[in-house]
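Student: One structure coming up, written as structure tokens, with questions to follow.
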Amino acid sequence: MSSKFDVVICGSGTAGLAAATWLAQYGVDCKILESRSGPLDVGQADGIQVRSVEIFESFGMAEELLREAYHNIEVAFWGSDPTRSGMGIVRKRSAHATTPGLSHMPRVILNQARFNGMWLEAMRRLNRQEVDYGYKVTKVTVDEEKAMDPNAHPVTIVTEKGGKEEVFEAKYCLASDGAHSVVRKSLGFNMVGETSDSVWGVMDVFPRTDFPDIRKQCIIQSDAGSIITIPREGGSMVRVYVELASGTRAKEVTLEHIQNASRQVFQPYALDVADVWWWSAYPIGQRIADHFSKANRVFLTGDACHTHSPKAGQGMNVSLQDGYNIGWKLASVLKGQAGPELLETYVLERQKVADVLINWDKVWAKQMSSIAKEDGGVVDANGKIDFSEVFVKAEAFTAGLTVTYDDSIITQAEGSNQQAATNLKVGMRLQGVQVVRFCDAKVMKSVNALPSDGRWRIIVFPGDIRQLLASTKLNQLGTYLFSNHGPIQKYLPPGADIDSLIEVIVILSGERLEIQQEQIPDAFWPATGKYRMRDLHKIYIDDESYHYGHGHAYEYYGIDPGQGAVAIVRPDQYVSKVLDMKNHEGIGTFFERFLQEQKQANGSLQGQTNGSLSEHVNM
1 MSSKFDVVIC
11 GSGTAGLAAA
21 TWLAQYGVDC
31 KILESRSGPL
41 DVGQADGIQV
51 RSVEIFESFG
61 MAEELLREAY
71 HNIEVAFWGS
81 DPTRSGMGIV
91 RKRSAHATTP
101 GLSHMPRVIL
111 NQARFNGMWL
121 EAMRRLNRQE
131 VDYGYKVTKV
141 TVDEEKAMDP
151 NAHPVTIVTE
161 KGGKEEVFEA
171 KYCLASDGAH
181 SVVRKSLGFN
191 MVGETSDSVW
201 GVMDVFPRTD
211 FPDIRKQCII
221 QSDAGSIITI
231 PREGGSMVRV
241 YVELASGTRA
251 KEVTLEHIQN
261 ASRQVFQPYA
271 LDVADVWWWS
281 AYPIGQRIAD
291 HFSKANRVFL
301 TGDACHTHSP
311 KAGQGMNVSL
321 QDGYNIGWKL
331 ASVLKGQAGP
341 ELLETYVLER
351 QKVADVLINW
361 DKVWAKQMSS
371 IAKEDGGVVD
381 ANGKIDFSEV
391 FVKAEAFTAG
401 LTVTYDDSII
411 TQAEGSNQQA
421 ATNLKVGMRL
431 QGVQVVRFCD
441 AKVMKSVNAL
451 PSDGRWRIIV
461 FPGDIRQLLA
471 STKLNQLGTY
481 LFSNHGPIQK
491 YLPPGADIDS
501 LIEVIVILSG
511 ERLEIQQEQI
521 PDAFWPATGK
531 YRMRDLHKIY
541 IDDESYHYGH
551 GHAYEYYGID
561 PGQGAVAIVR
571 PDQYVSKVLD
581 MKNHEGIGTF
591 FERFLQEQKQ
601 ANGSLQGQTN
611 GSLSEHVNM
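My numbering numbers the first residue of the sequence shown as 1 and each following residue consecutively.
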């Protein structure tokens, strides 16, 4: 006898938990099977890049993360001391860990156990979702004939718990079971790539040392080897990655080997380890799965489909973005909002990201290792790698901010008018810029208006509506958007609030105190919720604030206030399309590509003959 579920997630890795949180946000139950007896207690990863912090913020989790984590503000670069004939190290340079302007969020450090724990708490809070521990997945199969039926459960997951076999059937399955993924092996997929001869040791320690930068991230390269230090949360513990001697075998490494190698690199500074929290050793390798999905029903995520060196802090972060990408798409399909072809975009988007990461990591890992400094490195006057230059140039990439998704049914660079908003890049995440909320003068980042709640956004930049042309364009656009044939009504689930699937956000330009609420068409501040109250939180303005200056959002996004622009933004905050204010048809045809038209039991909003908008039926 088998149990049936819409989604079964094998493993409770970061990718799986992020996807499960999306499902919980949509109210979709899933089954999470984890072989361990309980939650992760000691995490291997710790660096949380700014894009990951932005994702936490989008789920309302950033405040707790930022309170508990160690903020990684500065990086110090150390190299061989020329006055000591290479027998010591000296600080060469200090730099910001994240270039100002890349994001409004910092890079932080927090152990993976607590990182994952926050996702577990979010799942419970949203939908009482839990993880089922003690289930060892032994086999996963897909009935490809059944997979043609969207209502079928073609995936069979065989597990063992307490010596007894249990079988689950699922419409969809996610593999979040790590580098040795049983799901991947069951499907006959292989990891393709290579492992180098370079072996590194890693330890979380409480150090007694006179090294002056022990509470900063440090990259140290000396004739004795290379080290990366990462200060951990709590103010005392430090993670140390150290390159081990050529010819070392990871399985033969002991804690003593790691400590001795570290002391050699730290000279002339002392390193006395008071206590060790965790340690390990690993060879450097880059591998990627030859397939990321099976029959559009099983999807590999995280380490199950890509592995690489840990020194650039990418593993947990890229895994998180895998789950963040697939989760809302699965929920959209299961909720009947979109067809199953939406899921094909997961492989299109995330496999490319993994390919780029693997190729980049090969170069990064090689330049960090002292055994291969001849090829492709940025060298200093002495002919040695100037790793500080390598690090700074890679900042945007390592921060997770250079991801650009190719054209698909949900991303349309071809057909966009990129000139209407030159810095709202189609396929890239929307960067937060300061705006002022119109109703109460609260200063916010524009992305704060786009939480991860499953909704698509149409962001309208009409310019200054005190000008007749801008006001007219805004009225005409609103008349179309909320009409019977417009996308708001066309795809609205029966009985739902008018903004439940596609929400319209307006960012004005001009002087806030010179514009009256009544000048903004009614439909852009609709009545929603239990009490049918007007939602005044959808209107923002690019204007001077009381305490934080002017955000210059139009200038930053490359928008001419005299022309305006429209941006369609996905539920995961990536820009799908950019249009001019008059291209109403381009908005409608975009959503026709993937959303499922809904039959309405409620009425429709009609435009008035004077060009202003009447209140919609949900009043």
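Ideal Cβ placement from N, Cα and C applies to all residues, glycine included.
Is the number of C-beta pairs between the segment 175-193 and the segment 126-142 that are closer than 8 angstroms three or more?
Tutor: Yes, they touch.
Student: Nearest by alpha-carbon distance to Gln351: which of Ser332, Val333, Gln321, Tyr282 is it?
Tutor: Counting from 1 along the sequence shown, the entry for residue 351 is found at position 351. The shortest C-alpha separation from Gln351 is found at Gln321.
Student: Quick one, are the C-beta atoms of Gly551 and Val435 less than 8 angstroms apart?
Tutor: In the sequence shown, residue 551 corresponds to position 551, counting from 1. In the sequence shown, residue 435 corresponds to position 435, counting from 1. Cβ atoms of Gly551 and Val435: closer than 8 angstroms.
Student: With the cut-off set at 8 angstroms, would you say Arg91 and Asp213 are in Cβ contact?
Tutor: The count along the sequence shown starts at 1 and reaches residue 91 at position 91. The count along the sequence shown starts at 1 and reaches residue 213 at position 213. In this structure, Asp213 lies closer than 8 angstroms to Arg91 by Cβ.
Student: Report the partner residues of Glu518 according to the DSSP bridge assignment.
Tutor: For the purposes of this step, residue 518 is identified with residue 518 of the sequence shown, where counting begins at 1. Per DSSP, none; premise fails for Glu518.
Student: Kindly indicate which three-state DSSP category Pro462 falls into: helix, strand or coil?
Tutor: Translated into the one-based positions of the sequence shown, residue 462 becomes position 462. In this structure, Pro462 counts as strand in the three-state DSSP scheme.
Student: Considering Gln259, what are the terminal residues of the alpha helix (DSSP H) in which it resides?
Tutor: Taking the sequence shown and counting its residues from 1, the one referred to as residue 259 is at position 259. Unbroken alpha helix (DSSP H) run through Gln259: 255-266.
Student: Distance, Cα to Cα, Lys31 vs Asp143?
Tutor: Counting from one through the sequence shown, the residue named residue 31 turns up at place 31. Counting from one through the sequence shown, the residue named residue 143 turns up at place 143. Going by the C-alpha atoms only, they are around 20 angstroms apart.
Student: Around the Cβ of His620, are there at least 16 other Cβ atoms within 10 angstroms (buried) or fewer (exposed)?
Tutor: Since the first and last residues shown for the chain are 1 and 619, residue 620 lies out of range.
Student: Give me the Cα-Cα distance between Val392 and Asp275, rounded to the nearest whole angstrom.
Tutor: For this step, residue 392 is matched to residue 392 along the sequence shown. For this step, residue 275 is matched to residue 275 along the sequence shown. Rounded to the nearest angstrom, the two C-alpha atoms are 33 angstroms apart.
Student: As a quick exercise: from Asp197, Arg239, Ile288, pick the residue whose alpha carbon is nearest that of Ala250.
Tutor: Within the sequence shown, the letter at position 250 stands for residue 250. Nearest of Asp197, Arg239, Ile288 to Ala250, Cα basis: Asp197.
Student: To which residues of the same chain is Ser416 closer than 6 angstroms at the C-beta, ignoring the five residues directly before and after it?
Tutor: Position 416 of the sequence shown, counted from the first residue, corresponds to residue 416. Excluding positions up to five away in sequence, the list reads Val426, Lys577, Val578.
Student: Mark Ser626 as exposed unless 16 or more other C-beta atoms lie within 10 angstroms of its C-beta, in which case mark it buried.
Tutor: Summary: the structure shown does not reach residue 626, with the chain confined to residues 1 through 619, and so no result is reported for it.
Student: Identify whether Tyr556 lies in helix, strand or coil by the three-state DSSP scheme.
Tutor: For this step, residue 556 is matched to residue 556 along the sequence shown. Three-state result, Tyr556: helix.
Student: Look up Asp375 in the DSSP assignment and say whether it is helix, strand or coil.
Tutor: For the purposes of this step, residue 375 is taken as the residue at position 375 of the sequence shown. Low local confidence applies: a pLDDT of 40 at Asp375 is under 50, so the model's placement there is unreliable, with the coordinate-based value given in what follows. Coil.
Student: Have a look at Ser446 and Gln573 and give me their C-alpha separation to the nearest angstrom.
Tutor: In the sequence shown, the residue the question calls residue 446 occupies position 446. In the sequence shown, the residue the question calls residue 573 occupies position 573. C-alpha separation (whole angstroms): 11 angstroms.
Student: Can you give me the Cβ contacts of Tyr491 inside the same chain, cut-off strictly under 8 angstroms, excluding the 5 residues immediately before and after it?
Tutor: As a first step, residue 491 must be located in the sequence shown, where it is residue number 491. Excluding sequence neighbours, Tyr491 sits near Gln337, Leu501, Ile502, Phe591, Leu595, Gln596, Glu597, Gln598.
Student: Determine the burial state of Tyr531: buried for a count of at least 16 other Cβ atoms within 10 Å of its Cβ, exposed for fewer.
Tutor: Counted from its first residue, the sequence shown places residue 531 at position 531. It is exposed - the Cβ of Tyr531 has fewer than 16 other Cβ atoms within 10 Å.
Student: Whole angstroms are fine: how far does the CA of Trp456 sit from the CA of Asn423?
Tutor: As a first step, residue 423 must be located in the sequence shown, where it is residue number 423. As a first step, residue 456 must be located in the sequence shown, where it is residue number 456. If I take the Cα positions, the gap works out to 20 angstroms.
Student: Could you please give the first and the last residue of the uninterrupted beta strand (DSSP E) stretch that includes Trp279?
Tutor: Residue numbering aside, residue 279 sits at position 279 when the sequence shown is read from its first letter. It spans 271-289 - the beta strand (DSSP E) in which Trp279 sits, taken as one unbroken run.
Student: Which of the three DSSP states, helix, strand or coil, is assigned to Met61?
Tutor: In the sequence shown, counting from the first residue as 1, residue 61 sits at position 61. Reduced to three states, the DSSP call for Met61 is coil.
Student: Should the segment 342-360 be regarded as contacting the segment 39-50, the criterion being three or more beta carbon pairs within less than 8 angstroms?
Tutor: No, because fewer than three Cβ pairs between the segment 342-360 and the segment 39-50 fall closer than 8 angstroms, the two stretches do not touch.
Student: Once you ignore the five residues that flank Asp535 on each side, which residues in its own chain have a CB closer than 8 angstroms to its CB?
Tutor: Here the question's residue 535 lines up with position 535 in the sequence shown. Same-chain partners within the cutoff: Asp499, Trp525, Pro526, Ala527, Thr528, Gly529.
Student: Between the C-alpha atoms of Tyr546 and Gly564, what's the straight-line distance to the nearest angstrom?
Tutor: Position 546 of the sequence shown, counted from the first residue, corresponds to residue 546. Position 564 of the sequence shown, counted from the first residue, corresponds to residue 564. Taking the straight line from one Cα to the other gives about 25 angstroms.
Student: Measuring only the C-alpha atoms, how far is Phe168 from Thr159?
Tutor: As a working note, residue 168 is residue 168 in the sequence shown. As a working note, residue 159 is residue 159 in the sequence shown. Going from the Cα of Phe168 to the Cα of Thr159 covers about 8 angstroms.
Student: Could you tell me whether the segment 5-25 touches the segment 65-81, where touching means 3 or more Cβ pairs closer than 8 angstroms?
Tutor: No, they do not touch.
Student: Drop a sphere of 10 angstroms on the beta-carbon of His308, count the other beta-carbons inside from all chains shown, and report buried for 16 or more, exposed for fewer.
Tutor: Indexing the sequence shown from 1 puts residue 308 at position 308. Buried is the call here.
Student: Going by C-alpha to C-alpha distance, which of Lys185, Glu243, Leu271 sits closest to Ser293?
Tutor: The sequence position of residue 293 within the sequence shown is 293, counting from 1. Answer by Cα proximity: Lys185.
Student: With a 10 Å radius around its C-beta and 16 neighbouring C-beta atoms as the bar for buried, classify Asp149 as buried or exposed.
Tutor: The count along the sequence shown starts at 1 and reaches residue 149 at position 149. Looking at its Cβ environment, which holds fewer than 16 other Cβ atoms inside 10 Å, Asp149 is exposed.
Student: For Ala15, count neighbouring Cβ atoms within 10 angstroms of its own Cβ and tell me buried if that reaches 16, exposed if not.
Tutor: In the sequence shown, the residue the question calls residue 15 occupies position 15. With 16 or more Cβ atoms within 10 Å of its Cβ, Ala15 is classed as buried.
Student: Rounded to whole angstroms, what is the Cα-Cα separation between Asp380 and Lys161?
Tutor: Translated into the one-based positions of the sequence shown, residue 380 becomes position 380. Translated into the one-based positions of the sequence shown, residue 161 becomes position 161. With a pLDDT of 47 at Asp380, under the threshold of 50, the predicted position of this residue should be treated as unreliable, and no value is reported.
Student: With respect to the beta strand (DSSP E) encompassing Thr141, which residues constitute its N-terminal and C-terminal limits?
Tutor: Mapped onto the sequence shown, residue 141 falls at position 141. 136-142 is the extent of the beta strand (DSSP E) around Thr141.
Student: Using C-beta distances below 7 angstroms, list every residue in its chain close to Ala18, excluding the 5 sequence neighbours before and after it, in chain order.
Tutor: Position 18 of the sequence shown, counted from the first residue, corresponds to residue 18. Closer than 7 angstroms at Cβ, skipping near neighbours: Trp119, Leu320, Gly323, Tyr324, Gly327.
Student: Where DSSP assigns a beta bridge to Arg91, which residues make up the other side?
Tutor: Mapped onto the sequence shown, residue 91 falls at position 91. According to DSSP, which records beta bridges pairwise, Arg91 is partnered with Trp78.
Student: Residues bridged to Met203 by DSSP?
Tutor: Translated into the one-based positions of the sequence shown, residue 203 becomes position 203. Paired residue(s): Val240, Trp279.
Student: What does the alpha-carbon distance come out to for the pair Arg593 and Pro493?
Tutor: Walking along the sequence shown from the start, residue 593 turns up at place 593. Walking along the sequence shown from the start, residue 493 turns up at place 493. Approximately 17 angstroms between the Cα atoms of the pair.
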